[in-house]
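What follows is a short report on a single structure.
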Amino acid sequence: MSEIRDVIIIGSGPAGYTAAIYLGRAGLKPLVVAGALTPGGQLVNTTEVENFPGFPDGIMGPDLMENMQRQAERFNAEIVFDDVESTRLDETIKTVTCSGGDVYQARAVIIATGSYYRHLDVPGEEKYSGKGVSFCATCDGFFFRGKPIVVVGGGDSAMEEAGFLSRFGSSVTLLHRRDQFRASQIMVDRTLENPAIDVMMNTVVERINGDGKGVTSVSIRNVVLELDDHGYIVVEGASTRTNVPGVFAAGDCADPVYQQAISAAGTGCRAALDVQAYLESLVAEAAEA
Numbered sequence: 000m001s002e003i004r005d006v007i008i009i010g011s012g013p014a015g016y017t018a019a020i021y022l023g024r025a026g027l028k029p030l031v032v033a034g035a036l037t038p039g040g041q042l043v044n045t046t047e048v049e050n051f052p053g054f055p056d057g058i059m060g061p062d063l064m065e066n067m068q069r070q071a072e073r074f075n076a077e078i079v080f081d082d083v084e085s086t087r088l089d090e091t092i093k094t095v096t097c098s099g100g101d102v103y104q105a106r107a108v109i110i111a112t113g114s115y116y117r118h119l120d121v122p123g124e125e126k127y128s129g130k131g132v133s134f135c136a137t138c139d140g141f142f143f144r145g146k147p148i149v150v151v152g153g154g155d156s157a158m159e160e161a162g163f164l165s166r167f168g169s170s171v172t173l174l175h176r177r178d179q180f181r182a183s184q185i186m187v188d189r190t191l192e193n194p195a196i197d198v199m200m201n202t203v204v205e206r207i208n209g210d211g212k213g214v215t216s217v218s219i220r221n222v223v224l225e226l227d228d229h230g231y232i233v234v235e236g237a238s239t240r241t242n243v244p245g246v247f248a249a250g251d252c253a254d255p256v257y258q259q260a261i262s263a264a265g266t267g268c269r270a271a272l273d274v275q276a277y278l279e280s281l282v283a284e285a286a287e288a
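In structure tokens form, the structure reads like this:
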């Protein structure tokens with residue numbers, strides 16, 4: 000705790016690493032707390048990323064995140080592979096405590112923790128997690144070979160996973176709770192053109208049923224629902240500033256709408272610039288005092 004840094008970045012997805020690249024190039028030597036088990040965010044579990052600029056032939060998600068990490072380190076970003084256990088953000092000097100026991104202090108903090116897999120919060124989901132309920136198609140698709148598979152969602156991730164799982168399952172049914180998709184048109188077209196995928200709109204899962212050993216069926220209901228954006232960090236206008244001075248939010252954790260790697264990277268850039276402006280204001284205030 001003897002060293003007070005300029006900025007700590009919590010999270011290592013596209014937003015976190017982009018912020019680290021910009022801040023590193025500005026000479027601020029950011030510390031990135033990347034996570035102990037899942038550094039790189041959800042893209043680490045993504046197969047081919049086709050819509051990130053600069054890769055006309057696509058790039059594997061893990062490769063993209065490894066490139067971003069190396070680029071951040073090139074500009075003197077320090078990467079710590081640990082989880083944040085607690086923070087104290089309401090003081091001028093912010094404190095971040097990690098699970099391994101290390102404590103770091105900085106004048107500014109960027110929160111770029113991404114978003115977690117959305118749970119359905121229906122009966123049977125937790126009970127059968129790992130027994131037919133999965134949150135990572137690329138991790139578990141092989142285990143569903145020859146079985147009927149249900150995918151829930153309407154964004155690019157759901158479309159990609161449905162397409163991936165169509166290689167394994169005897170059938171794939173995509174359930175979406177609205178009457179139109181959030182996914183990009185190219186992903187929607189691929190899904191609708193895939194003869195192995197059946198699509199059911201305006202449909203929600205009410206229960207996941209099983210025999211105690213594994214999933215046997217799902218109970219569904221047809222209804223039009225509005226999206227719930229609770230749980231995302233609120234930022235000030237188009238900036239990344241939160242309501243706590245010196246704390247900034249970037250990436251999916253502050254984005255209930257787009258949830259794309261490139262938009263996350265863009266907010267990482269904005270967060271880096273907002274941090275620089277904030278640190279400059281601290282210097283100006285100190286000079287006036």
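Counted the way numbering that gives the first Met the number 0 counts, the sequence shown spans residues 0 to 288. Ideal Cβ positions, reconstructed from N, Cα and C, are used throughout, including at glycine.
Simplified DSSP assignment, three categories, for Ser262 | Three-state DSSP puts Ser262 in a helix.
Drop a sphere of 10 angstroms on the beta-carbon of Gln179, count the other beta-carbons inside from all chains shown, and report buried for 16 or more, exposed for fewer.
-> With fewer than 16 other Cβ atoms within 10 Å, it is exposed.
Which residues DSSP lists as bridging Leu30, in chain order | Paired residue(s): Ile7, Glu77.
Helix, strand or coil for Ser98, going by three-state DSSP, please let me know.
-> When secondary structure is reduced to three states using DSSP, Ser98 falls in the coil class, being assigned neither helix nor strand.
May I have the straight-line CA-CA distance separating Ser262 from Gly168, to the nearest angstrom?
-> If you take the alpha carbons of Ser262 and Gly168, they lie about 32 Å apart.
Check whether the Cβ atoms of Leu173 and Ile219 lie closer than 9 Å to each other.
-> It is not a contact, given that the beta carbons lie outside the stated cut-off.
For Lys93, which residues does DSSP report across the bridge?
-> Bridge partners of Lys93: Ala105.
For Arg144, the nearest candidate out of Leu30, Thr241, Val171, Arg189 (CA to CA) = Nearest to Arg144 by alpha-carbon distance, out of Leu30, Thr241, Val171, Arg189, is Val171.
Assign Phe247 to buried or exposed, taking buried as 16 or more other Cβ atoms, counted over all protein chains shown, within 10 Å of its Cβ.
-> With 16 or more Cβ atoms within 10 Å of its Cβ, Phe247 is classed as buried.
Quick one: Cα of Thr17 to Cα of Gly267, how far?
-> Between Thr17 and Gly267, the C-alpha separation is close to 5 Å.
Please state whether DSSP places Leu226 in a helix, a strand or coil.
-> Unreliable placement is indicated for Leu226, whose pLDDT of 34 sits below 50; the coordinate value is still reported in the next sentence. DSSP places Leu226 in coil when its eight states are reduced to three.
Counted within 10 angstroms of its Cβ, other Cβ atoms place Gln259 as buried (16 or more) or exposed = By the 10 Å Cβ count, Gln259 comes out buried.
Leaving out five residues on either side along the sequence, give the residues of the same chain with a beta carbon under 6 Å from the beta carbon of Ala276.
-> Answer for Ala276: no residue qualifies.
For Glu47, which beta-bridge partners are listed by DSSP?
-> The secondary-structure analysis by DSSP pairs Glu47 across a beta bridge with Met59.
Who are the near neighbours of Pro61 in its chain, counting only those whose CB is closer than 6 Å to its CB and skipping five residues on each side?
-> Taken in chain order, the residues that qualify are Val43.
Considering only residues of the stretch 108-181, which uninterrupted alpha helix (DSSP H) runs meet the minimum length of 4 residues and lie entirely inside it, listed in chain order?
-> Runs of the alpha helix (DSSP H) spanning 4 or more residues and lying entirely within the stretch 108-181 occur at 136-139, 155-164, in chain order.
Three-state secondary structure assigned by DSSP to Ala249 | DSSP places Ala249 in coil when its eight states are reduced to three.
Could you check how far apart the C-beta atoms of Cys250 and Gly15 are, in whole angstroms? I think they sit under 8 Å.
-> In the sequence under discussion, the amino acid at residue 250 is Gly, which differs from the Cys named in the question. That belief holds up - the Cβ atoms of Gly250 and Gly15 are roughly 7 Å apart, short of 8 Å.
Verify whether the separation of the beta carbon atoms of Asp89 and Gly34 is less than 9 Å.
-> No, they are not a contact pair.
How about Asn66 and Ile58: are their beta carbons less than 9 Å apart?
-> Yes; because the gap between Cβ atoms is below 9 Å, this pair is in contact.
For Glu205, which three-state DSSP category applies?
-> Looking at Glu205 - three-state DSSP - the assignment turns out to be strand.
Using DSSP with H/G/I as helix, E/B as strand and the rest coil, what is Val214?
-> Strand.
Check whether Met64 and Ser11 have beta carbons under 9 Å apart = Taking a C-beta distance under 9 Å as the contact criterion, Met64 and Ser11 qualify as a contact pair.
How is the beta strand (DSSP E) around Arg87 delimited, first residue to last?
-> Here the beta strand (DSSP E) through Arg87 covers 83-87.
Expressed to the nearest angstrom, what Euclidean distance is found between the alpha-carbon atoms of Leu164 and Cys97?
-> If you draw a straight line from the Cα of Leu164 to the Cα of Cys97, it comes to about 37 Å.
Tell me which same chain residues have a C-beta within less than 7 Å of the C-beta of Leu226, skipping the five on either side of it?
-> Caution applies to Leu226, whose pLDDT of 34 falls short of 50 and renders its modelled position unreliable; the value that the coordinates give is listed next. Within the same chain, no Cβ atom closer than 7 Å to the Cβ of Leu226 is found once the five residues on either side in sequence are excluded.
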